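In this note's numbering, the protein residues as written are 175 to 364. Built from N, CA and C at the ideal position, the CB exists for glycine as well. Treat the numbers as computed from the prediction; the structure is a model and nothing was measured. A short worksheet on the structure shown next.
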Amino acid sequence: NPSHLEWGHPVVLGRARAKQRLRGDRDRVSSIPLLIHGDASLPGQGIVTELANMARLDGYTVGGSIHLVINNQIGFTLDTESAYGGVYCTDFFRGVDVPVFHVNVRDPEMCVAVMVLAYEYRRRFQQDVVIDLWGFRQFGHNETDEPTYTNPIMYEAIRESTPILDEYSARLSQEGVITPEESDQSTQHL
């Protein structure tokens with residue numbers, strides 16, 4: 175999600191609010207906005223900070239949004255230390271008292287559990303919640319980027335790692351959840 179796409183999020187919230195109003199939904203449960211961010215674009219322009227600040231105002235609330243941060247740890251070819259002042263790209267949410275769940279994409283079951291937790295939090299407390307999915311882009315910013323120029327240590331580790339789907343499928347096969355044949359089918363790459 176490049177930073178210029180953050181400008182679409184106010185539209186998503188406005189549309190959710192309009193749908194809630196048209197449905198007479200004062201409990202704000204008929205539309206739940208899901209806003210997807212990139213780790214570099216999230217704090218980059220201030221749009222998300224403004225939305226989080228306005229989220230609890232009567233005239234703007236949608237009963238909370240779920241923010242999903244796709245955190246690849248390298249905003250373009252920029253190190254995180256040069257992109258924002260905090261430890262996490264989500265640190266500014268602490269200023270408006272929004273919970274943030276950090277989860278590693280290499281644990282698919284934990285990712286699902288955190289997504290359910292975020293949904294339940296939003297439903298119960300009618301407030302924003304953030305899921306910060308920590309992962310990586312296998313080929314850098316895009317297929318024409320050469321990420322080893324700016325992130326050589328990280329990309330050496332990425333090249334040596336087993337793809338998540340292969341790792342998870344093998345684990346499910348070893349646990350007897352799926353057969354080896356089903357494991358092979360699920361990991362065939364297009």
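First and last residue of the uninterrupted beta strand (DSSP E) at residue i
i, result
"G212", "L208 to G212"
"L242", "I240 to N245"
"D340", "D340 -> not in any beta strand (DSSP E); alpha helix (DSSP H) instead, spanning I338 to Q348."
"D306", "V303 to W308"
Limits of the alpha helix (DSSP H) - the one that residue i falls within
i, result
"I221", "I221 to M228"
"L187", "H183 to L196"
"D359", "First, the residue type needs correcting, since residue 359 is Gln and not Asp in the sequence shown. Taken as a continuous stretch (DSSP letters only), the alpha helix (DSSP H) holding Q359 covers P354 to S360."
"P326", "P326 to E334"
Three-state secondary structure assigned by DSSP to residue i
i, result
"D201", "coil"
"R280", "coil"
"V236", "coil"
"V290", "helix"
"V270", "helix"
Nonlocal neighbours in the same chain, by C-beta distance under 6 Å from residue i, ignoring five residues either side
i, result
"G238", "R296, Q300, Q301 and D302"
"E334", "none"
"G278", "Reading off the sequence, residue 278 comes out as Asn, not Gly. Excluding positions up to five away in sequence, the list reads W308."
Whole-number beta carbon distance between residue j and residue i, since they are thought to touch under 8 Å
i, j, result
"L339", "L242", "Actually they do not touch by this definition, with Cβ atoms about 19 Å apart."
"N245", "D213", "4 Å"
"H183", "L225", "6 Å"
Own chain residues within Cβ distance below 7 Å of residue i, not counting five before or after
i, result
"A190", "S205, P207 and V236"
"V270", "A226 and N227"
"R197", "S204"
"V186", "P207 and L209"
Exposure label - residue i; buried when at least 16 CB within 10 Å
i, result
"L364", "Legend: pLDDT at L364 = 45, less than 50; position of this residue unreliable, value from coordinates given subsequently. Result: exposed."
"Q362", "exposed"
"E356", "exposed"
"T142", "For residue 142 there is no data in the structure shown, the boundaries of the chain being 175 and 364."
"I327", "exposed"
"E320", "exposed"
"Y323", "exposed"
"Q348", "exposed"
"E180", "buried"
"Q194", "buried"
"V222", "buried"
"T353", "exposed"
Neighbourhood of residue i by C-beta, 8 Å cutoff - its chain only, sequence neighbours within 5 removed
i, result
"F275", "V288, L291, A292, V303, V304, I305 and D306"
"G188", "none"
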